[in-house]
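Below: one structure, written as structure tokens.
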Amino acid sequence: MSWFRGEDVKMGPLLALVWLVSGFVHGVHGQGVYAPPTVRIVHSGPACSVEEERHNERVYTIREGETLEVLCLVTGHPRPQVRWTKTAGGASERQGESSPHNETLKIENIDRHQGGRYYCKADNGMGSPAIRSIRVDVYFLDDPLITVHQSVGDAKELFYFERTVFLRCVATSNPPVHYTWRRGREVLSQGVDAGVDIYEPFFTQGETKILKLKNLRPQDYANYTCIASVRNVCAIADKSAHFSLNNRTGAHVDVCPTCTRSLLVCLFSPPAPPSIKLLLDDPLVVNPGETVTLVCVASSGTPPPTLHWVRPGGEDLPKRSVMKGGTLTIPTVTVEDGGAYSCVASNNVGNAARKSTNILVRGLRKARFWITPDPYHNDDNIQIGREVKISCQVEATPPEELQFGWLKNGRPLRSSERMVITHTDAEVSPGVTNLDIIDLKFTDFGTYTCVASLRDGGSPEISIDVNISSTTVPPELSVPRGRSHIIAQEGDTVELQCLVSGKPKPIVLWSRLEETPAATPYAADASTQTESYDGVLRLGNVTREMGGTYCCQTSQYNGFNVKPRQALIQLVVQFPPVVEPAFSEVRQALGRAFSLTCRLLRAHPARLLRYEWKLGSRLLTVGQFDDDQDDTHYHVRALNREGYGEYTCDISNEAGAGRCTFLVTGKAYPPELYYDTQGALWQNQPQAYGFKLQWTQMEPSGVDRILAYRLGIRQVGQSRWWEQEITMEGSIHKGELLTYNLTELVKPESYLVRLTPITRYGEGDATERIIAYSPPVNPHLREFQCGFEEEALCLFSQDKSDDFDWTRHSAASRDTKYTPNTGPSADHGGSKQGFYMYIETSRPRLEGDKARLLSPSFNMGSRSGATYCLAFYYHMYGKHIGALNVLLRQKGQTATDASVWSQSGNQGDRWRRAAISIRPTAAFQVVMEGVRGAGIEGDIAIDDVTIEEGECKDPPPNNLRSLAPLCSPCLWWLGITLSLILIGRQR
């Protein structure tokens, strides 16, 4: 197929013919191409270092504020879905939810809290999911802070007498910070100066470094600098803080001008921790609406401390409040503003000072009463000649100012032998007053008033009227006839009603009872009780979960203090049947038999259930469920064209119906595009490239035979589509790999490809993918070079069929726990920062385990049979060295591997060069195979791989035995030459 730049250019008939015959291969049968997923994580953004840890996890180090970008490379067919997750402290956080194929994890402006272990999970339903992880270590260094301290055990007089100063330097960092103290330009270290101690407190774990100046001497009055360093990892520069001490102006502390924070404190006397005092009463009692001012002053502290006000528990200060230093002003105070307030003072010397006070806003609230009949008689009624007690309860602030008074029929009432007035303790809240009427007489009937007030005013008084008469009777509770069993449907508004009588009429408490397995069938939760003054509980938009038993009972408040009266109401919430599946797509071929099943999950009522099957609007069958039946089926014996469509099954009861929907279709399933094609993209012309499109068909036998595929292709960024129909001969088998070669694609454009299967039913589901052009590693294969300095490894890849993998590594990032006496100490060029590939032979590797590294595929084009020189450097040092083999893998109907070079055993602690002339006859790859020896001292490394056109020039021998006879004359002439040079120098 030929593609040209611009939308208006049409495809010529000759080029269209080229595309039509561009090649379709209908082959590769069986299940072979279906493969479980594999995962490899590489980084594509900036990183300080990437190291291997414990053989299977990478450690990615990055500086705070930079962009984290790592790529999860997956293989497997069908194409796996990829998910990034982070697990920290047992909590899982999803990353990259935008697409199931989001293989890139990108975090811009990363901060220290985003470090941790990230997991890439790939799943395609074939076997177990593949999971790999990478640990992200975020490096940072905060500005150091110097604080001045006095030892807690030192008395103040002793502190002044000894004139000892403690300077604490603290900085937060990752990795751990290294501290250096300087006096002027002199670096201070422990043990050099008897008047100086430098140490780390036991409990700080390297988070701080203390400089102790003992018995201040003249030379101690100087400028001090604390330098915090992480040794320039991730190019993080050192940071410092300064402290000046002298015997005239005291001392001051600041941080360097380049730091983001600054601290400037002048000390005019020896440093001392702060202390404060409050200039106010505690507690502070105020009236609502007044302005409250809290004043806090520093009584001592060097340097002078800073003051501010806070509320306990992190609660915000009132929005109207104004804070200026140690003064907090709250205008128009309300009851909600009451509570504790704390003044905090700090000066970076010792611990911060804190003092608290309470604001009490006067007020009365929650006034209630109750009547208690004679407790000595088993009777809830008030009777002449017996005792009766009236109680009144009020919450007051402050409680000690609460006072009560009693009136009878509006006149003051005093305590007497028959009218006994008592009060609870003044400091107990809420406050209660009781009026005991002894030997009730007819003349005692009347209205009694309880009056509550605050002694110093500030809040209106509260009055409660209680009528005692022959009509004062205890409550009775009942449910209206026919209302004890309520049936409602979901979404209704329901009123549950209990009739309450009595004088006075009490509050009704509603609660929902929970069924319990104990002997008591129901249990009420007092914490969820709802108060009602008219005896009605209103429930809006009821749901099935709200059904159950509800209890109404009388409260002692505003009524009689007797055993509560209660009644029960049963609420039944009906709901339509819940069924599954709500929707299901069924794909079937013509002439086949199949069944549809609609299952009942739950319903209320669950009796007299009916079902009704339809195809579109056409009724198929109806029926009624048996008592033990929970599903219904519809059978199709032989599907015809009229049988395609939407089937529905409605299961109904009194409350409504639940529906199962089945879409029966003959549409073919989507093709499964194959992403693991080796050498899928090739160069066929200077301005054009080709692409091998491969796919399998999902469930090909699930519908009618695939007759053809419609292939559509358009250039990305344009709207015009080119389409071609690919005819299929015979049936397609599950797992059969299909191939179609796209040619004449214009460099460097990308294309959107759409593939749609076609059956006699019509078009099936389509699949799309982007074909992106990428320049080959070596367009002409005249020279290929790879030093493994980039994460992409010059498109080298790990063989999936070997025992373990090669590892990219550099000596600078080498683990301190590495195995000694094996492996290189630098790359081939002698750089400890340079990278190379090696096999790690430590546990769990076993003798004979193989690791294979595959080069990119090289296409021969018109140069079939040409000669190339493959050269590389290898390092084989250690007493357990196994073998290093080089294989040539050529592509054909089946890939074949041919050995072209091999070396084994200890070759010494140095890099050696190997060069081999190869003559491939088809597209080829180079396979580097490392074989583990008998022990852990057997690391093998390779570096600087090159492939050049032409024969190798003076190739070195393959082993040391052939080297000796060839080089003996060379060594003899070299010895004579050196001797002549030495004789000449002596003369």
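As numbered in this note's numbering, residues 73 to 1059 make up the sequence shown, in order.
Just so you know, even glycine gets a beta-carbon here, dropped at the ideal spot from N, CA and C.
Proximity below 8 angstroms, CB of residue i to CB of residue j
i: C306; j: Y211; result: yes
i: G738; j: R659; result: yes
i: S971; j: T939; result: no
i: V111; j: A243; result: no
i: L926; j: V999; result: yes
i: E1001; j: L959; result: yes
i: V608; j: E567; result: yes
i: D446; j: V460; result: yes
i: T565; j: R584; result: no
i: S811; j: K764; result: Just to set this straight, residue 811 is Thr in the shown sequence, not Ser. Contact: yes.
i: F238; j: K284; result: yes
i: L824; j: I842; result: yes
i: I953; j: N978; result: yes
i: V154; j: E175; result: yes
i: D1016; j: G895; result: no
i: V364; j: V405; result: yes
Closest by C-alpha distance to residue i, when choosing among the options
i: V538; options: F632, V614, D452; result: F632
i: D508; options: W442, G530, P471, L350; result: W442
i: S914; options: I830, L867, I1008, G950; result: I1008
i: W793; options: I804, R826, L814, Q769; result: R826
i: Q646; options: S724, V634, Q701; result: S724
i: G197; options: L217, E175, R151, L177; result: R151
i: G373; options: D1016, Q262, A425; result: A425
i: T105; options: D748, T139, F697, M800; result: The question names Thr, yet the displayed sequence has Val at residue 105. Ranking the options by Cα distance to V105, first place goes to D748.
i: W973; options: F944, V249, G807; result: F944
i: I134; options: Q186, L260, V146; result: Q186
i: R289; options: G530, E548, V268; result: V268
i: V382; options: S627, D409, T720; result: D409
i: Y413; options: T399, A560, V551, D871; result: T399
i: N423; options: V220, Q979, P896; result: V220
i: Q790; options: E801, E821, G807, L643; result: E821
i: V651; options: G717, G728, D699, G715; result: G728
i: E861; options: R880, L681, A844, A266; result: R880
Coarse secondary structure for residue i, derived from DSSP in three states
i: H185; result: helix
i: L432; result: strand
i: A987; result: strand
i: V369; result: strand
i: M948; result: strand
i: P470; result: coil
i: M618; result: helix
i: L1061; result: Since the first and last residues shown for the chain are 73 and 1059, residue 1061 lies out of range.
i: A591; result: Any reading at A591 must be qualified, since the residue scores a pLDDT of 38, below 50, and its modelled position is unreliable; no value is offered.
i: T913; result: coil
i: T363; result: coil
i: E714; result: helix
i: A654; result: coil
i: P578; result: coil
i: P329; result: Only weak support exists for where P329 lies, its pLDDT of 37 falling under 50; the coordinates are left without a value.
i: E816; result: strand
Identified DSSP bridge partners for residue i
i: K178; result: E141
i: C464; result: F441, T505
i: E548; result: S573
i: F860; result: Paired residues: none, contrary to the question.
i: F476; result: A524
The beta strand (DSSP E) enclosing residue i, as first and last residue numbers
i: M395; result: 394–396
i: C415; result: 411–418
i: Y706; result: 703–708
i: W794; result: 794–799
i: V492; result: 491–495
i: S301; result: 295–301
i: K806; result: Note, K806: premise wrong, no beta strand (DSSP E); not H, not E.
i: G695; result: 690–696
i: T45; result: The chain is shown from 73 up to 1059; residue 45 falls before or after that span and cannot be answered.
i: T867; result: According to the sequence as given, residue 867 is Leu; it is not Thr. Per DSSP, L867 belongs to no beta strand (DSSP E) and is neither H nor E.
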